[in-house]
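So this note's numbering is basically just the index in the sequence shown, starting at one, shifted up by 2.
Read through the structure below, which is laid out as structure tokens, and then see the notes.
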Amino acid sequence: MGDRRTLERRTRRAAFRLPERRTGFDRRVGGGVVVWYRDHPGAIAIALAGVLVLNVADLLLTLRALDRGAREANPVMALLFEIGPAAAGTTKLVLALGVVLVIWHMRRYRRILQVSLVALGGFGLVLAYQLSLVFSGA
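Structural data, given as structure tokens:
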């Protein structure tokens, strides 16, 4: 009986070890903007708050432009603006908040941090474009 129990234990063993997950920063040595950014969660929070603020500014400037006769270039947002400004604004802000929360939750990954910086820069460019239209009188 002792041999059988030992044999059963040997054959029933299953390894439930999962491979370690890399965080996206393991292979690279050295510094850089993204590594500094990763090590400063306050900077990430400020950048993500900036994405939200730029989204609100984009919405307000879009509403202003639509009141002056402009057309929305994004077909999805144009459809939502046809339903109503509240539907478009709610959808835009909920989606932006969702993206920001996903980025915050996955902030340990290099690509996600890069996406957050690209989003901040992209919305900054959109805001600059809209402000140029406002000041040019268009």
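Glycine included, every Cβ here is placed at the ideal spot set by N, Cα and C.
{"Check": "Would residue 128 pass as a contact of residue 41 if the rule is Cβ separation under 7 angstroms?", "Outcome": "no"}
{"Check": "How many whole angstroms separate the CB atoms of residue 53 and residue 122, which I take to be in contact at a CB cut-off of 8 angstroms?", "Outcome": "5 angstroms"}
{"Check": "Would DSSP call residue 111 helix, strand or coil?", "Outcome": "coil"}
{"Check": "Could you tell me the distance, in whole angstroms, from the CA atom of residue 58 to the CA atom of residue 67?", "Outcome": "14 angstroms"}
{"Check": "Would you mind stating whether residue 109 and residue 36 have Cβ atoms separated by less than 7 angstroms?", "Outcome": "no"}
{"Check": "Buried or exposed: which applies to residue 92, given that a residue is buried once 16 or more other Cβ atoms fall within 10 Å of its Cβ?", "Outcome": "exposed"}
{"Check": "Give me, in chain order, the residues of the same chain whose beta-carbon lies closer than 7 angstroms to that of residue 90; leave out the 5 immediate sequence neighbours on both sides.", "Outcome": "79, 82, 83"}
{"Check": "Would you grab the beta carbon distance between residue 119 and residue 49 for me? Rounded to a whole angstrom, and I think it's under 8 angstroms.", "Outcome": "7 angstroms"}
{"Check": "Expressed to the nearest angstrom, what Euclidean distance is found between the alpha-carbon atoms of residue 125 and residue 56?", "Outcome": "6 angstroms"}
{"Check": "Kindly indicate which three-state DSSP category residue 52 falls into: helix, strand or coil?", "Outcome": "helix"}
{"Check": "Whole angstroms is fine: what's the gap from residue 88's alpha carbon to residue 77's?", "Outcome": "17 angstroms"}
{"Check": "Can you name the start and end residues of the alpha helix (DSSP H) that residue 84 belongs to?", "Outcome": "77-85"}
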